[in-house]
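So for the sequence shown, my numbering puts the first residue at 1; every next one is plus one.
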Amino acid sequence: MINTSKIPCVAGSTGLVGSFLIKNLSKLYPKVISITRRKFDFQYDNIENIVVDFDKIEEESFLRKIDHLYIALGTTIKKAGSKEKFELVDYHYCYNLAIAAKRLGVQRISIVSSIGSNSQSKLLYPRVKGMIERDLKALNFEHLSIAKPGIILGKRNETRTGEKIGKIIFFLIDKILFGPLKKYKSISADDISKAMIFQIINSKDKLNALHYNELKLSSNRFLVQLNYHN
Numbered sequence: 001m002i003n004t005s006k007i008p009c010v011a012g013s014t015g016l017v018g019s020f021l022i023k024n025l026s027k028l029y030p031k032v033i034s035i036t037r038r039k040f041d042f043q044y045d046n047i048e049n050i051v052v053d054f055d056k057i058e059e060e061s062f063l064r065k066i067d068h069l070y071i072a073l074g075t076t077i078k079k080a081g082s083k084e085k086f087e088l089v090d091y092h093y094c095y096n097l098a099i100a101a102k103r104l105g106v107q108r109i110s111i112v113s114s115i116g117s118n119s120q121s122k123l124l125y126p127r128v129k130g131m132i133e134r135d136l137k138a139l140n141f142e143h144l145s146i147a148k149p150g151i152i153l154g155k156r157n158e159t160r161t162g163e164k165i166g167k168i169i170f171f172l173i174d175k176i177l178f179g180p181l182k183k184y185k186s187i188s189a190d191d192i193s194k195a196m197i198f199q200i201i202n203s204k205d206k207l208n209a210l211h212y213n214e215l216k217l218s219s220n221r222f223l224v225q226l227n228y229h230n
């Protein structure tokens, strides 16, 4: 049973996964909060858009209103302009938001990370993803689910060259990825969002790492629950 009195909040709601989180949460809850750096008009009447300063997120009063937190913040070095600014968005903004929410009583959280994350990696992207996973685990939430997809399928507002090439490659090899390699299969942003929502609503586990199989299973279970809810 879905407790529709809860108020979910999405950070990164104008991005690929975030936009699907907004779409799917709006089907369940009478009120969903979206936090953005600039004003954004959503097509759903039950979305409250709050413009925030992520550099001062601990000062934001909206945190007192929310029950569930979905973090889908992310950028690229090209878009951010430097490695430091990439880390600012993908690590510091995410961590500071999570710790501020925890201090004000939020106990259930889900974040989009990536397969191959490793806080000890010499490569920037997997290292930053590994760092945020490590440090969110240390905050001791009642529930933390970490989506760890491979290539994310869906239409972005921006062009990511490396990801575009990756999609072509993974389209060719997805069909031969079996067993332990299956977790590297590409998956839609819609499936990821549905899995994250299902986990926050239903999971009794303290920590869930969601690779391809878990993401697909949770996404399918969300659809069953949505049909029952409606």
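Just so you know, even glycine gets a beta-carbon here, dropped at the ideal spot from N, CA and C.
For residue i, the three-state DSSP class (helix, strand or coil)
i    : result
A195 : helix
S13  : coil
S61  : helix
S219 : helix
L181 : helix
L226 : helix
I2   : coil
I109 : strand
Rounded separation between residue i and residue j - CA only
i    : j    : result
L177 : I187 : 13 Å
A195 : E214 : 8 Å
S5   : I173 : 44 Å
P102 : I152 : For the record, residue 102 in the displayed sequence is Lys; it is not Pro. Approximately 28 Å between the Cα atoms of the pair.
D191 : G18  : 12 Å
L124 : Y228 : 43 Å
D205 : S145 : 9 Å
L104 : S203 : 21 Å
K182 : S113 : 17 Å
I109 : P126 : 21 Å
N46  : P8   : 11 Å
K23  : G179 : 32 Å
K56  : A11  : 14 Å
I111 : G81  : 23 Å
Q107 : I77  : 31 Å
S121 : K65  : 37 Å
F222 : K27  : 12 Å
E58  : K216 : 34 Å
Pick from the options that is closest to residue i, judged by C-alpha positions
i    : options                   : result
K129 : A138, L139 and N118       : N118
A72  : G81, Y125, C94 and P180   : C94
V51  : L28, K85 and S13          : S13
N49  : D55, E58, I57 and F62     : F62
D67  : K155, I200, Q225 and G154 : I200
L21  : T76, S219 and G150        : S219
Identity of the residues DSSP links to residue i by a beta bridge
i    : result
R127 : According to DSSP, which records beta bridges pairwise, R127 is partnered with nothing at all.
A209 : I146
S188 : L153
Residue i CB to nearest heavy atom of the ligand NAP below 7 Å
i    : result
R221 : For the ligand NAP, the structure offers nothing, since it holds no ligand at all.
Open item on the list: List, from N- to C-terminal side, the beta strand (DSSP E) runs of 3 residues or more that fit wholly inside the segment 16-101.
Closed with: 32-36, 47-51 and 68-71
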